[in-house]
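What follows is a set of notes on a single structure, which appears directly below.
In this note's numbering, the protein residues as written are 12 to 81.
Below you can see the structure in the form of structure tokens.
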């Protein structure tokens, strides 16, 4: 364990990756939560063809937006 941590300290970009990794995780997490908040009401409040059309529009847009958060 000590050897692995010592090797990580030798890598110049390792500390910056660790520091920004948490922010990326939370940004992605809130992106998924926000996407669910957008999709669930559409699914619950609409019916029939309107639901299908709205979900076919919203879900790909959210997937593209989430790809930018990665």
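All residues carry an ideal CB built from backbone N, CA and C; glycine is no exception.
Linking residue 45 to residue 13 through their CA atoms gives a straight-line distance of about 40 Å. Collapsing the DSSP output to three states places residue 58 in coil. Annotation for residue 43: 77 place their beta carbon closer than 8 Å to its own, counting only its chain and skipping 5 residues before and after. Cβ neighbours of residue 54 within its own chain (closer than 8 Å, five residues either side excluded): 62, 66.
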